[in-house]
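Residue numbers (full-length UniProt numbering): 2 to 318.
Cβ atoms here follow ideal geometry from the backbone N, Cα and C, with glycine treated the same way.
First up is the structure itself, then whatever we jot down about it.
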Amino acid sequence: TRHLLSSADLSREEVEAILDTATEMHDVQRRQVKKLPTLRGRTVINFFFEDSTRTRSSFEIAGKWMSADTINLSAKGSSTSKGESLRDTVQTINAMAVDALVIRHNASGACQQVAQWVDASVINAGDGTHEHPTQALLDAYTLRSHLGDLDGRHVVIVGDLTHSRVFRSNVITLKTLGAHVTVVAPPTLMPSGIADWSKADGFATAWDLDEVLATGDVPDAVMMLRVQRERMSGGFFPTPREYTVGYGLTRPRLTALLARNPLALVLHPGPMNRGLEISADAADSAASVVLDQVSAGVAVRMSVLYHLLAGSEGAAA
Ligand code: CP
Numbered sequence: 002t003r004h005l006l007s008s009a010d011l012s013r014e015e016v017e018a019i020l021d022t023a024t025e026m027h028d029v030q031r032r033q034v035k036k037l038p039t040l041r042g043r044t045v046i047n048f049f050f051e052d053s054t055r056t057r058s059s060f061e062i063a064g065k066w067m068s069a070d071t072i073n074l075s076a077k078g079s080s081t082s083k084g085e086s087l088r089d090t091v092q093t094i095n096a097m098a099v100d101a102l103v104i105r106h107n108a109s110g111a112c113q114q115v116a117q118w119v120d121a122s123v124i125n126a127g128d129g130t131h132e133h134p135t136q137a138l139l140d141a142y143t144l145r146s147h148l149g150d151l152d153g154r155h156v157v158i159v160g161d162l163t164h165s166r167v168f169r170s171n172v173i174t175l176k177t178l179g180a181h182v183t184v185v186a187p188p189t190l191m192p193s194g195i196a197d198w199s200k201a202d203g204f205a206t207a208w209d210l211d212e213v214l215a216t217g218d219v220p221d222a223v224m225m226l227r228v229q230r231e232r233m234s235g236g237f238f239p240t241p242r243e244y245t246v247g248y249g250l251t252r253p254r255l256t257a258l259l260a261r262n263p264l265a266l267v268l269h270p271g272p273m274n275r276g277l278e279i280s281a282d283a284a285d286s287a288a289s290v291v292l293d294q295v296s297a298g299v300a301v302r303m304s305v306l307y308h309l310l311a312g313s314e315g316a317a318a
């Protein structure tokens, strides 16, 4: 595949190949050999029209550790702020013979659109409420490094599903790897059409988090999602207090989870709203692999750049 726009672009073999290469990249990092010559002469532009800490910095580090020339741009500071259109902006960058455009944008579908306009490889670094495929890959990497093969493992994804590109990409990648997925949200944060979608893609939905944690399949991992208040123009219902009571990973819920499975993992893509969807007790507990996820992000993004760019002729060739 030339682009990475959706998690659905990747077959099981391709996901496993990316995760296997990421494991090798991680081993290289552990040996303190940070710089590989693999992408020398390649240019990677990270264009972030929406804010980011983890994704932007890890793509930049990943590119640099592979010896690519990486350049970071954001909406503020680019001519987007003068009214230049997305098409003119990306075609301008493309005309500089770049090899890859890593794009984050607040519009769902923006990356697919950009891929029609440029001949560089386009990597979706999060588009609106649509998808965040490299997040799902780094989550799968983290889960796999703790649990081994994900076939038959039970992952519970909890929170603001309506606005979550992390959830959408994770459901696809986890199902691709054979995991059993349950998604939990208050009715007001369940995406419309999820009943048909969950039936078609084979995942379970629920409103009652305590019931999911206490009965049925034992969770191997619980992934807490950020409540995305910046995307809630119509207000946030339930209230923050009600949300925490019903859906937060509080200390009693963490205790209940670990009583059922002492090896259960707690994930969060970040940035966390501590005290809202996740308590400090849970975020900082031994079960939490939040910083493992961040660390995996570099190795996985090195691997994605490798699979998309290495071996291709390159714009500079
Ligand atoms: N998880 C994630 O995408 O974080 P950032 O918004 O900080 O990149």
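Range of the contiguous alpha helix (DSSP H) that encloses residue i
i	result
Leu266	That residue, Leu266, is in no alpha helix (DSSP H); its beta strand (DSSP E) goes Leu266 to Leu268.
Gly127	No alpha helix (DSSP H) holds Gly127; the beta strand (DSSP E) holding it covers Ser122 to Asp128.
Arg3	First-last for Arg3: undefined, no H or E at that position.
Thr174	Arg166 to Thr177
Asn262	Careful: Asn262 lies outside any alpha helix (DSSP H) and carries neither H nor E.
Ser146	Pro134 to Leu148
Ile158	It is not in any alpha helix (DSSP H) - Ile158 instead sits in the beta strand (DSSP E) that spans His155 to Val159.
His131	No alpha helix (DSSP H) holds His131; DSSP gives it neither H nor E.
Val299	Val291 to Leu310
Glu243	Pro241 to Tyr248
Extent of the continuous beta strand (DSSP E) to which residue i belongs
i	result
Met225	Ala222 to Met225
Thr183	His181 to Val185
Ile94	First-last for Ile94: Leu87 to Asn95, but that is the alpha helix (DSSP H), not the beta strand (DSSP E).
Leu74	Asp70 to Ser75
Ala101	Ala101 to His106
Residue i classed as buried or exposed, judged by whether at least 16 other C-beta atoms fall within 10 angstroms
i	result
Asp100	buried
His4	buried
Arg232	exposed
Leu144	buried
Met225	buried
Met97	exposed
Glu212	exposed
Thr183	buried
Val34	exposed
Ser8	buried
Thr71	buried
Asp120	exposed
Leu214	buried
Thr54	exposed
Arg169	buried
Ala69	buried
Ser82	exposed
Thr216	exposed
Selection from the options that minimises the alpha carbon distance to residue i
i	options	result
Gln92	Val172, Trp118 and Ser122	Trp118
Trp66	His308, Pro38 and Val123	Pro38
Val157	Val267, Val301 and Ala9	Val267
Ser165	Gln229, Ala111 and Leu210	Gln229
Val246	Trp208, Ala222, Gly235 and Ser82	Trp208
residue 1	Leu310, Tyr307, Ala300 and Asp52	Because the chain is modelled from 2 through 318, residue 1 falls outside the range shown and cannot be assessed.
Ala201	Gly217, Leu214 and Ile173	Ile173
Pro134	Val167, Gly235, Ala116 and Met26	Val167
Gly110	Asn95, Ile94 and Leu87	Leu87
Gly236	Asp293, Thr189, Gly149 and Arg105	Thr189
Asn171	Val223, Ala18, Glu85 and Glu14	Val223
Asn47	Ala288, Ala257, Pro272 and Gly64	Gly64
Pro270	Asp293, Leu309 and Ser280	Asp293
Residue i and residue j closer than 8 Å at C-beta
i	j	result
His255	Val123	According to the sequence shown, residue 255 is Leu rather than His. No.
Glu278	Gly160	yes
Thr206	Met191	yes
Thr90	Ser75	no
Ala141	Leu175	yes
Asp221	Ala260	no
Leu139	Ala297	yes
Leu306	Val16	no
Ala126	Ile104	yes
Pro187	Pro239	yes
His131	Phe50	no
Every unbroken alpha helix (DSSP H) inside the stretch 3 to 59 [4 residues or more]:
13 to 31
Tell me the start and end of each unbroken beta strand (DSSP E) in the stretch 186 to 210 that is at least 3 residues and wholly inside, in chain order.
205 to 207
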